[in-house]
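Be aware that the sequence shown starts at 330, since it is given in the numbering used here, and climbs by one per residue. From the three backbone atoms N, C-alpha and C, an ideal C-beta is built for every residue, glycine too. For clarity, every value in this text was computed on a predicted model and none was experimentally measured.
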Amino acid sequence: MNAADEGIVYEEFEVVEIQRENDAIVMKEAVRKVIAEVSLKMIVNGQELVSVLCLNRHHEELALGFLYNEGVIGSYEDIESIEYNEKMLAVLIELREGIVIDRRESLRSITSGCGKCYTYINPLKKTQYAVSTNKSTFSAGNILTIMDKFIEQSEIFHTIGGVHSVLFYADGFEVLNEDIGRHNCFDKMTGILMKANKMELAANGMVFISGRLTSEMLMKMIRLGAPVVVSKSTPTTATIRLAREYNITLLGYVRGGKGTVYAGPERLADTSDS
């Protein structure tokens, strides 16, 4: 049985649940909702670029964010047309004249973020990943509060489970996205900002992540231009070095009213919520 609940796509399975009761193991039949995944194709200028396992929502936003974060496009204006084809389970994209993908310049690698996910990273486009020059001050108390609220707002995780969450926050504007893949969360978030014409907010924005933060995920945020990245879990060693190199304020283990600052503490103000 397939069902949709306010955009949350899942399947219901008949299962057997086990539970220890006193000294006995009790088994009983039940029905559980399980998060569904689809293989979404991105077809650019008539050729398939990549297939991504993802939650069945925000298809165009995922494609837009992927192309931007990988340096293929520089803005929404580089897109001539974009359309989700439900029958093909594909996003069909035509790039503006002059925008091309040169696979000979691309390095295809398997990322550590969500298993065997393929990404295209062009070493010749490193100039698109700029060191942050943001001079703003961010309230440490506000960061702790937003993280707590963010975790509470992760609706799919709380009702079904099996997803990661990312929140973009800037000047009261929020974008929260959940997906089975961490990379997809970042890409969809970027795509939503692009479609909403809110990319300029990134320069003074904060990004909150529900799980661990790897270096390739941080690269997406460097590409976006967000100066503050906050994880509920741990960053990797490469992530910390990258944050320090690109002047990103990086926090980890932010939960329960505390956290650890791994890079860029000078941006944080010792203040409560504002």
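Cβ atoms of residue j and residue i: under 8 Å apart, would you say?
i	j	result
L580	V559	yes
M535	Y498	yes
M371	V420	yes
Y413	H388	yes
F467	A598	yes
R386	I408	no
G282	L393	Shown here, the chain extends from 330 to 603; a query on residue 282 therefore has no answer.
V401	I430	yes
S539	T568	no
C383	L369	yes
P556	Y591	no
E340	A365	yes
Pick helix, strand or coil for residue i, following the three-state DSSP scheme.
i	result
R511	helix
M371	strand
T456	helix
Y405	helix
A359	strand
T440	Caution is warranted here: a pLDDT of 38 is assigned to T440, below 50, making its placement in the model unreliable, and the coordinate value is therefore given only provisionally. If DSSP states are grouped into helix, strand and coil, T440 belongs with coil.
S544	helix
H387	coil
Y449	Model confidence at Y449 stands at a pLDDT of 45, short of 50, so the residue's coordinates are unreliable and nothing is read from them.
R425	coil
L473	helix
P556	coil
N533	helix
A598	strand
I need the straight-line Cα distance from residue i to residue j, nearest angstrom please.
i	j	result
L522	R541	23 Å
V583	L571	19 Å
T456	E484	37 Å
T488	K357	21 Å
Q348	I422	49 Å
R573	K587	21 Å
V460	N576	6 Å
V367	V381	8 Å
L505	Q482	8 Å
V345	D508	26 Å
N463	M548	17 Å
I475	N374	40 Å
T600	N526	31 Å
T448	T566	Confidence is the limiting factor: at T448 the pLDDT is only 46, short of 50, which leaves the residue's position unreliable, though a coordinate-based value still follows. Distance between the alpha carbons of T448 and T566: 21 Å.
I428	G585	46 Å
D350	V492	It is Glu, not Asp, that sits at residue 350 in the sequence shown. Using only the alpha carbons, I get a separation of about 30 Å.
L418	L496	26 Å
Y458	K416	36 Å
I439	R552	At I439, the pLDDT of 30 sits below 50, so the modelled position is not reliable; the number obtained from the coordinates is stated separately. If you take the alpha carbons of I439 and R552, they lie about 19 Å apart.
E307	K524	Beyond the ends of the chain as shown, which are 330 and 603, falls residue 307; an answer cannot be given.
A469	D500	15 Å
Just checking my contact of residue i with residue j at CB under 8 Å: how many whole Å lie between their CB atoms?
i	j	result
G554	T578	13 Å between Cβ atoms; not a contact.
F502	S494	Actually they do not touch by this definition, with Cβ atoms about 17 Å apart.
N398	F515	7 Å
K517	E390	5 Å
V363	E343	At roughly 11 Å, the Cβ-Cβ gap does not stay under 8 Å, so V363 and E343 are not in contact.
S465	N513	That pair is no contact at about 29 Å.
Report the partner residues of residue i according to the DSSP bridge assignment.
i	result
T589	G581
N414	A419
S494	E507
S461	DSSP, once it has assigned bridges, lists no residue as partnering S461.
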